[in-house]
Structure formats: structure tokens, C-alpha cells
Amino acid sequence: MQRLGISTQSGIIALSLLLAGGLLSGCKDCNDRPVRPDPVCTDDVGCVDPDVNDPDANDPDVNDPDANDPDANDPDVNDPDVNDPDVNDPDVNDPDTSLPDVTDPDVGTCSTAAQCGPGEECVLGACVPAAPECERRTDCASNERCEDGTCIPDGVCLDDGDCGTAHLCQRGQCAPPCSVDGDCGPTGVCEVNRCVPSPDAGQCQSSADCEPCETCVAGACEVEGAYCVNDAGCGIGKVCRDGGCAFTCSSSAQCPPGQSCDGGVCADSEGLAECVRNADCGSGAVCIDAVCRDRCTSDAACDPLEMCAHGVCRPDLRPGVECLRTADCSGGASCVDAQCRMPCWSAGDCRTGTCEQGYCTR
Numbered sequence: 003m004q005r006l007g008i009s010t011q012s013g014i015i016a017l018s019l020l021l022a023g024g025l026l027s028g029c030k031d032c033n034d035r036p037v038r039p040d041p042v043c044t045d046d047v048g049c050v051d052p053d054v055n056d057p058d059a060n061d062p063d064v065n066d067p068d069a070n071d072p073d074a075n076d077p078d079v080n081d082p083d084v085n086d087p088d089v090n091d092p093d094v095n096d097p098d099t100s101l102p103d104v105t106d107p108d109v110g111t112c113s114t115a116a117q118c119g120p121g122e123e124c125v126l127g128a129c130v131p132a133a134p135e136c137e138r139r140t141d142c143a144s145n146e147r148c149e150d151g152t153c154i155p156d157g158v159c160l161d162d163g164d165c166g167t168a169h170l171c172q173r174g175q176c177a178p179p180c181s182v183d184g185d186c187g188p189t190g191v192c193e194v195n196r197c198v199p200s201p202d203a204g205q206c207q208s209s210a211d212c213e214p215c216e217t218c219v220a221g222a223c224e225v226e227g228a229y230c231v232n233d234a235g236c237g238i239g240k241v242c243r244d245g246g247c248a249f250t251c252s253s254s255a256q257c258p259p260g261q262s263c264d265g266g267v268c269a270d271s272e273g274l275a276e277c278v279r280n281a282d283c284g285s286g287a288v289c290i291d292a293v294c295r296d297r298c299t300s301d302a303a304c305d306p307l308e309m310c311a312h313g314v315c316r317p318d319l320r321p322g323v324e325c326l327r328t329a330d331c332s333g334g335a336s337c338v339d340a341q342c343r344m345p346c347w348s349a350g351d352c353r354t355g356t357c358e359q360g361y362c363t364r
């Protein structure tokens, strides 16, 4: 019995060693196995997966912001601001930023230019200042002047047909239609968009009471077709140019303001650019051919070489001194106060209808 017990105990020990040896032989060296094979061990303690405690050993780190967003440290290709930094800012290169704000109560709304005021045009439903048609006389046709940025037929007019479709002939000068009496100078009033002589104007005793392009005839100012038709009609020291008498000169100092000596004759200075629009002048002056011209009520308010024409000082285009002596006159006229005047016995002898001190008035 004792022998059997010893033998049995020895067998159990031997079997245990055999099993232990067999199990160990199946897991000789867990560290020699390739990276991430399926574990061959059945003993969790003896064969620990290296990734268990380091989930980021070979996999993306779930806590790493770069793992699922490869663009975290790079420009985000899906971010609209990356390639367009101006998405949320006003684009300084966007031409639309200079367009009129139609929501501004100070900007008039329109659908056509006819709904806008003088000097305005309709742009995207808003009335805005129109671009000037001209800046100087050379921008216009040869028979036009540049006034307040607009080309206007110049010279003496006899009717509206001489002034094109946008202007009216008003007392011998083409001008824009008027809206108030102030548009018509000191001697005119505005009636149905046209300047006409005020009740106490247009009546005359001599041509000095009339506009420069007018002559006093039978007590009323009448428009002459032109200041001159040839040099002979301009008197001493002047020549006829485009229907007006221009001063002769040897230097620009002998010319009216805004003119220079060109080939012995005073003409508008092409290089001078004081203004484009009346607003550039201030003090109520008028911008004509890039020169700010003062307003006036008589010649006395102007330069000695200027005349007050339609309320504005302009180069004097009237005939100059006609004579220094009677020999300078023709057709039986006599030199009186530097003018050649026809002798008369009565008003019937004079074209103007007035005979004063033996000579016809002019």
C-alpha cells in the first residue's frame, strides 16, 4: 500500500513536469516572433501583444489631431479662405466697390438719363455725375467752346438751328436751357427754359447798352450775324478770326487772360488747364475752355482786354479802334471817338434809326 502511494505520487509529479515541459516547448521565445503575428501562446501572461499598451505603435493615434486630419498643419484645401484671403474682407481690386450705392438716400434713382439732373447720367439705377465731354476747346469741334465740361457751339447764333439739338440760341449765344433767372446773367430772365431780356433790358440808346454781339437798332438790341467778316471790319490792332476780332500781338503779355500769342495773334492757351467744370472755379466763376472766367455786369468788372458777354468776362471779340483820323475811314464816314461814323441830318439817314450830334449812333 505504501509502495503504491509513493509510486502514484511520483507519477503525478512526472505527469506535471511532462505537461509543463510540453506547454513551455510551444512558447520558446515570444520576443522572437514577427511584428504583430497572431499570438501562438495560450498563456496571456507569457505572450503579451505589444500594441495593447501602446495603441499607437503602428496605428494612427486616435488622440492625435493629425491622424484623421492630414491637413491640420497644412493649408486646408477645403478652407475657402486659404486661396482667397479676401473672402470675408472687401476686395480692393473689385471694380464694383466704386459703383454707386443705390441705397444711399442722397443718390437719385433712375432708369434713363432723362430722369437725372443736368450733368448727370444713369448708372445701375442711380444718377451720378456724368464724365465731362471735354476738358478744353481742342476736345470739341472747331466751331465749339468747352464750357462746364460740355461742347457748345460758339460764336454768334441767330436761331436755335445754329446751336444743335441740346442748346438754344439766347441773345446771340448758344447756351444750355435755363431753369432759373440766375442762369441768364444780370440782364435776363428765364422763360420756358430760354433766357430773354428782363423787362428793363433789351432797350437801348446805343450799342453799349446791348450784348457785345448785339447792335442798338431803333431803341432795341438786335443780334448781329458776326463781329466781323474780314480784317477791315476789326479796326486797328485786330484781325478777323472765326467771326470774331482777335488782338494782334508780339508777346503773350499783350493778350487777354487765358490767351497767348500764337503767330502774331492772340489765341486760347492750349497748355492752360485751370478747370474742367464750373465747380472747379469757385466764387461763381464759369469754366470756359479750361479757364475760370469771372461773372460780370459790365465791361468795367473785366480785364481791359475782355468784354462782359452774357454775364461772363471773355476776350473782347468786338472790333477795335477803327480809326485815329478820318483818313482811316471809308465810304464818307468820319473818325469820331475812334469810330468811323456816318454824318446825318435826321434819324432817317441812319440804319440804327438814331442821329446824335450830326452822326449816326452805333
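Per my numbering, the sequence shown runs over residues 3 to 364. C-beta: ideal position from N, C-alpha, C; glycine also.
Sequence-distant partners of T250 (beyond 5 residues in either direction) whose C-beta falls short of 7 angstroms from its own C-beta, in its chain, are G239, K240, V241, G266 and V267. Cβ contact annotation for N280 (same chain, cutoff 8 angstroms, sequence separation greater than five): D150, A287, V288 and C289, in chain order. The beta-bridge partner set that DSSP reports for E146 consists of P155. In the DSSP assignment, Q172 falls within the unbroken beta strand (DSSP E) covering L170 to Q172. P317 sits away from E324, with the two beta carbons spaced by 8 angstroms or more.
When C-alpha distances from G127 are compared across A115, C215, V231 and Q205, the shortest belongs to A115. In its chain, beyond the 5 residues on either side, V267 have a beta carbon closer than 7 angstroms to the beta carbon of R243.
Here the alpha carbons of D185 and P199 stand approximately 12 angstroms from one another.
Residue pairing from DSSP leaves R364 without any beta-bridge partner. In the three-state scheme derived from DSSP, where H, G and I count as helix and E and B as strand, R320 is classed as coil. Distance from the CA atom of S254 to the CA atom of C215, rounded to whole angstroms, is 25 angstroms. Secondary structure at S262: strand, using DSSP grouped into helix, strand and coil. Counting other Cβ atoms within 10 Å of its Cβ, E193 stays below 16 and is therefore classed as exposed. For M309, the uninterrupted beta strand (DSSP E) segment begins and ends at E308 to A311.
No residue range can be given for A275, since it is assigned to no beta strand (DSSP E) and is classified by DSSP as neither H nor E. Assignment of T356 by DSSP, reduced to helix, strand and coil, places it in the coil class. Each of G174, C197, E213 and A222 was checked against the Cα of Q207, and the nearest Cα belongs to A222. Distances from the CA of D339 to each of G350, A269, L326 and D351 were compared; the closest alpha carbon is that of L326. One thing to note: G157 has its Cβ within 8 angstroms of the Cβ of N145. Taken through DSSP and simplified to helix, strand or coil, C268 comes out as strand.
Cβ contact annotation for G235 (same chain, cutoff 7 angstroms, sequence separation greater than five): C242 and P321, in chain order.
Annotated as distal: R295 and C263, with beta-carbon spacing of 8 angstroms or more. The beta-bridge partner set that DSSP reports for S336 consists of R343.
In this structure, the beta-carbon distance from C165 to P155 falls below 8 angstroms. Less than 8 angstroms separates the beta-carbon of A275 from that of R138. Short of 7 angstroms from the beta carbon of E135, and not among the five residues preceding or following it, lie these beta carbons of its own chain, in chain order: G151, T152 and C153.
Residue nearest to C247 within the set P259, G260, N232 and Q261 is N232 (criterion: CA-CA distance). The segment 185-227 contains no complete alpha helix (DSSP H) run of 4 or more residues. C-alpha of T363 to C-alpha of S285: approximately 37 angstroms in a straight line. In the DSSP annotation of this structure, the continuous segment of the beta strand (DSSP E) that includes V241 starts and ends at K240 to R243. For Q256, there is no enclosing beta strand (DSSP E), as DSSP marks it with neither H nor E.
Secondary-structure assignment with DSSP links V288 through a beta bridge to R295. Exposed is the label assigned to D161, since fewer than 16 other Cβ atoms lie within 10 Å of its Cβ. C148 is a Cβ neighbour of A292, given a cutoff of 8 angstroms.
In the DSSP assignment, Q175 is bridged to V158 and Q172.
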